[in-house]
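Report on one structure; see the data block that follows.
Residue numbers (the numbering used here), protein chains in the order written: chain X, 1 to 115; chain E, 1001 to 1116.
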């Protein structure tokens, strides 16, 4: 089954404690993205990646890092989380034409709370 | 800069009513793509439709239809004979050609509640 998986699904942590949210897709997709969803703001793109070792900033990259060492994985790293990073995070992937022509598939979401 | 506005924060209708969700966008590009996504109560995001700026034909898919009007920079979504299963948050999104095929800007979302 084609899918994007994220782990963990729920996480409560404290300010300053480094964390990683993993994202993996089994569709051999080149493109992957991270979004955060906040009430009243919709979804905002954090980072995206066009292929292995190629990443770029979205609209809200501050406080986040990503890496793309393998095609299937695109982890989101919060080196020093702060309460304003409390949010619902989605990972997504799409094929080599990007979502202009290919469907973008989303993971189930990770709800992060930073105390 | 690209921007998407969904002015309707919440809509509540009775089942079988028709309902239209508004989406207004801003862009300086002549080439761009518009999208609608659905987020049901279970939380996942589901792709509904994609439309490029050169294709102003309206689209109909079952009870769903989309009206794209470049003159008013709008890409509205209508559900005919709504059903309880249509209850969800709906997002409109925009991708500009100059920003690349991976940058996407979403509207704030419209929470649609269909009451039995």
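No residue lacks a Cβ here, since even glycine has one placed at the ideal position from N, Cα and C.
Residue i CB to nearest heavy atom of the ligand GTP below 7 Å
| i | result |
| --- | --- |
| residue 1068 of chain E | This structure does not include the ligand GTP; it has no bound ligands of any sort. |
Partners in chain X for residue i, counting only beta-carbon separations shorter than 9 Å
| i | result |
| --- | --- |
| residue 1099 of chain E | What residue 1099 of chain E touches in chain X: nothing, since even the nearest Cβ is about 10 Å away. |
Chain X contact for residue i (CB, 8 Å cutoff)
| i | result |
| --- | --- |
| residue 1107 of chain E | yes |
| residue 1095 of chain E | yes |
Under 9 Å by beta carbon: chain E residues contacting residue i
| i | result |
| --- | --- |
| residue 76 of chain X | Chain E residues near residue 76 of chain X: none, gap ~16 Å exceeds 9 Å. |
Closer than 7 Å at the beta carbon, the chain E residues around residue i
| i | result |
| --- | --- |
| residue 43 of chain X | 1091 and 1106 |
| residue 103 of chain X | 1047 |
is_contact[residue i, chain E] using C-beta, thresh 8 Å
| i | result |
| --- | --- |
| residue 98 of chain X | yes |
| residue 48 of chain X | yes |
Alpha-carbon spacing of residue i relative to residue j, whole angstroms
| i | j | result |
| --- | --- | --- |
| residue 108 of chain X | residue 87 of chain X | 14 Å |
| residue 94 of chain X | residue 50 of chain X | 10 Å |
| residue 1082 of chain E | residue 68 of chain X | 42 Å |
| residue 81 of chain X | residue 17 of chain X | 6 Å |
| residue 1036 of chain E | residue 1075 of chain E | 9 Å |
| residue 1089 of chain E | residue 1077 of chain E | 13 Å |
| residue 1049 of chain E | residue 1093 of chain E | 10 Å |
| residue 39 of chain X | residue 1108 of chain E | 8 Å |
| residue 6 of chain X | residue 13 of chain X | 17 Å |
| residue 1087 of chain E | residue 21 of chain X | 29 Å |
| residue 1110 of chain E | residue 1011 of chain E | 7 Å |
| residue 1106 of chain E | residue 1020 of chain E | 18 Å |
| residue 1091 of chain E | residue 1032 of chain E | 17 Å |
| residue 1096 of chain E | residue 1009 of chain E | 24 Å |
| residue 54 of chain X | residue 32 of chain X | 10 Å |
| residue 1073 of chain E | residue 1064 of chain E | 20 Å |
| residue 92 of chain X | residue 1 of chain X | 16 Å |
| residue 1007 of chain E | residue 1113 of chain E | 16 Å |
| residue 1053 of chain E | residue 1104 of chain E | 15 Å |
Chain X contact residues for residue i, given Cβ-Cβ distances below 7 Å
| i | result |
| --- | --- |
| residue 1102 of chain E | 31, 33, 48, 50 and 98 |
Where residue i meets chain E, residues with beta-carbon distance less than 8 Å
| i | result |
| --- | --- |
| residue 108 of chain X | 1043 and 1044 |
| residue 58 of chain X | 1103 |
Residues bridged to residue i [DSSP beta-bridge criterion]
| i | result |
| --- | --- |
| residue 1070 of chain E | Answer by DSSP bridge pairing: none, since residue 1070 of chain E is not bridged. |
| residue 100 of chain X | Paired residue(s): none; residue 100 of chain X is not in a bridge. |
| residue 1004 of chain E | E/1025 |
| residue 1076 of chain E | E/1067 |
| residue 1018 of chain E | BP columns for residue 1018 of chain E are empty, so no partner. |
| residue 1050 of chain E | E/1035 |
| residue 942 of chain E | For chain E, the structure presents residues 1001 to 1116; residue 942 of chain E sits outside this window and is missing. |
| residue 48 of chain X | X/33 and X/56 |
| residue 1108 of chain E | Answer is none; residue 1108 of chain E lacks a bridge partner. |
Interface flag, residue i vs chain A, CB-CB below 8 Å
| i | result |
| --- | --- |
| residue 1069 of chain E | Of the chains in the structure shown, none is chain A; the protein chains are X and E. |
Chain E contacts made by the stretch 20-41 of chain X, where a contact means CB separation under 7 Å: 31, 33, 40 and 41
Residues of the stretch 1042-1059 of chain E in Cβ contact with chain X at a cutoff of 7 Å, in chain order, please. 1043, 1044, 1045 and 1047
Interface positions of the stretch 1017-1046 of chain E facing chain X (Cβ-Cβ less than 7 Å), listed along the chain: 1033, 1043, 1044 and 1045
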